[in-house]
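Chains as they are written, first to last, in the numbering used here: chain A, 7 to 724; chain B, 43 to 96. Glycine included, each C-beta is placed from N, C-alpha and C at the ideal position. Quick caveat, the model's predicted, so the values are computed rather than measured. To keep things clear, I will list the structure first and then write my remarks on it.
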């Protein structure tokens, strides 16, 4: 009874912790949480950078947990909605792998005895006993560990398609059935070892593949948890404000957006006016002034006063609905891409089955018995079974994904890597992609040390993006800085400390100017000083120009498609050296431009971050997003990169090209091995021993070849 | 030959034991945090109430 009650009271929540990097962090996080009243248990996971907390839902809520961690120095974020827990796939593969490994090892031990026995005339009874033991191990092992392949093959066959799993399943099942028949009738040739070790090697490939995708998915989920952020929910009756995750916001909710904060959900502006930076939505670098009743989109940043917002449903607003519709249409192009392994399977499966059929017919015609002919045909199937192929592609993808991840690039699937390898034009978005997407101090040289120190001291206390830009400029110039004392911030106007003021013209007591852009200029006023103006603009990523130059050098076309006004687009294009730049494009226009290039046979890599880029990201052959991108863009992109550097673009392209070379080399190795072994199998001189040796050596060969990707090509640095 | 009758089942049983142990450890979540597990051994025992424990 008590337990049932207790069970209802306790809630469990998983938080993502960005800066959990060592054992000390694990301990700090667990200790901070466990010392909080209401928390029953906390368990941090260093691998996934997550912490699972069980707490008394009546005594504490989860935003309090996030604040507790923040006080202890850890940046935590809650997951939006339900977290997709899909590592069941990986666990099933690991269980199959364990069973196949056990079976392969034990059957191989018995097989070694059998092979030795063939040379030293083992008596038939002992041989048969060993075969029966092998059967007893192999039958359940194949039935259990073969399921991932059988299921996939069956799905393909039902819709009259062939994938790599069809010849695999066929070879395993036929080899097992034939060996069982041989055992039953007291024959000599059993292939249990080949069948089970085939499964074992292939499951290694499958497991590697699943673990790449699992890791990338976990990391992507963590990024999204931080991107979504929190919302301040206002209770309409009492006016009380409560923190919730952005995912918990429902249409009709009343939200408060603090000055300098990210808008958590799409909605209608309720207050007098709002000034927001909408660059992540439209690419426009100039802040937009919104009137009451106008729609503001999630991801915009509030540059003005705090304002209230009524959350709207996605269906309410035409822009998001339009973007979603465009994305769905664009996605179809990418779905047409056929993976290399599947393309290989299309040629491979009919060829192998044809050869096996020919072998059977050939032996029968030349006077052999049905059983003898069948044995030869099955030997062909076993020896040609794409063990090396099944391992060749995932091994390369695992090494490539590991290498990219060390450089802060998340690869979502192996197919994406293959599409990256064929890119011959890179299309950039401007705001947030070629630029950092946040304001930087533009006229730093014009500002005296004294003024910058003073301004930064006051700005230090503020979370406003412009304040933070001043602080960054000061830290860059002086190395360190001292915060001013007694700083007071009036949201939407500025900060003051004693007589000193930093903020809008009105705040500093200056007369309004005609045509003064109130947002991208901040003023510093001090009684003894001439007022100083701080100008801001969206700065370029530090290595944007070098990256563009390097792509050119590689013979890759570079273009710029932006939703921003012509003037800023032109200046950015000139600064990084892109000749082909177009401005004021809607999401639909961007897709049209991409389609025009694609019609000419070009393969495109789209690099973008905004909501307005999402359809283009889906339409391009390959796509890349910075981790600062809008959720929808990150979801649409094949890869996501972290950090300020654009070097991720050439790195991803080069690793992809190298990976493709390794995969093709591996295919060539497998083909060579088949060219030697198939004639032997057709001639009927492949023994079970030869099959086992050939299979392991070819698997090891392709894996070693994949590992070469770790070091070459050398990462690009400018 | 007689030895085999005993030794083969013994060998297989040992193997099955190892397999069962692995599957048990997998299901009880012991591979969920491969990086953290190695660090945890360095933590002080929270229930350690020896007088000299800080």
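Listed along the chain, the chain A residues whose CB falls inside 8 Å of the CB of residue 61 of chain B are 104, 105, 108. Under a criterion of Cβ atoms nearer than 9 Å, the residues of chain A adjacent to residue 75 of chain B are, in order, 32, 49, 50, 51, 52, 53, 54. Residue 450 of chain A and residue 659 of chain A have their C-alpha atoms spaced approximately 36 Å apart.
Between residue 50 of chain B and chain A, the shortest Cβ-Cβ separation is below 8 Å. When Cβ pairs closer than 8 Å are counted between the two stretches, the stretch 414–423 of chain A is seen to touch the stretch 637–649 of chain A, the count reaching three or more. Residue 56 of chain B is outside the set of residues whose beta carbon lies under 8 Å from a beta carbon in chain A. Under the Cβ criterion of 8 Å, residue 268 of chain A is not counted among the residues facing chain B. Rounded to the nearest angstrom, the gap between the Cα atoms of residue 371 of chain A and residue 175 of chain A is 28 Å.
Here residue 512 of chain A carries a coil assignment [DSSP, helix/strand/coil]. By the neighbour-count definition (other C-beta atoms within 10 Å, threshold 16), residue 482 of chain A is an exposed residue. Per DSSP, the unbroken beta strand (DSSP E) holding residue 495 of chain A starts and ends at 494–496. In the three-state reduction of the DSSP assignment, residue 356 of chain A falls in the helix class, which pools H, G and I. For residue 134 of chain A, the enclosing alpha helix (DSSP H) stretches over residues 130–151.
For residue 101 of chain A, the residues of chain B that pass the 8 Å Cβ criterion are 65, 68, in the order they occur in the chain. With a threshold of 16 other beta carbon atoms within 10 Å, residue 369 of chain A meets it and is buried. Counting only the Cα atoms, residue 249 of chain A lies some 16 Å from residue 64 of chain A. In the DSSP assignment, residue 484 of chain A forms no beta bridge with any residue. Per DSSP, the continuous beta strand (DSSP E) segment holding residue 646 of chain A begins and ends at 645–647. Along the stretch 273–300 of chain A, there is no position whose C-beta sits under 8 Å from a C-beta of chain B.
Taking residue 37 of chain A as reference, the option from A/80, A/15, A/22, A/69 with the minimal CA-CA separation is A/80.
Considering only A/690, A/651, A/704, the residue with the shortest C-alpha distance to residue 674 of chain A is A/704. Residue pairing from DSSP places residue 612 of chain A in a beta bridge opposite A/433, A/629.
Rounded to whole angstroms, the gap between the alpha carbons of residue 529 of chain A and residue 270 of chain A is 29 Å. Residue contact with chain B for residue 389 of chain A: absent (no Cβ-Cβ distance below 8 Å to any residue of chain B). Among the residues facing chain B, residue 112 of chain A is included, as its CB has a counterpart in that chain under 8 Å away.
Nearest in C-alpha terms to residue 196 of chain A, of all of A/27, A/708, A/140, is A/140.
Nearest CB-CB separation between residue 79 of chain A and chain B: not below the 8 Å threshold. Under the Cβ distance rule, residue 97 of chain A counts among the residues neighbouring chain B, one pair being separated by less than 8 Å. Per DSSP, the continuous beta strand (DSSP E) segment holding residue 527 of chain A begins and ends at 527–532. The alpha helix (DSSP H) runs of length 4 or more contained entirely in the stretch 155–243 of chain A are, from start to end of the chain, 171–191, 198–234.
Within 10 angstroms of the beta-carbon of residue 83 of chain B lie fewer than 16 other beta-carbons, which makes it exposed. The contact set of residue 139 of chain A on chain B, defined by CB atoms closer than 7 Å, consists of 50 in chain order. Residue 107 of chain A sits buried, since 16 or more C-beta atoms from the chains shown fall within 10 Å of its C-beta. A Cβ of chain B is located within less than 8 Å of the beta carbon of residue 29 of chain A. Taking all protein chains in view, the Cβ of residue 279 of chain A is surrounded by fewer than 16 other Cβ atoms within 10 Å, so the residue is classified as exposed. Rounded to whole angstroms, the separation of the alpha carbons of residue 477 of chain A and residue 461 of chain A is 8 Å.
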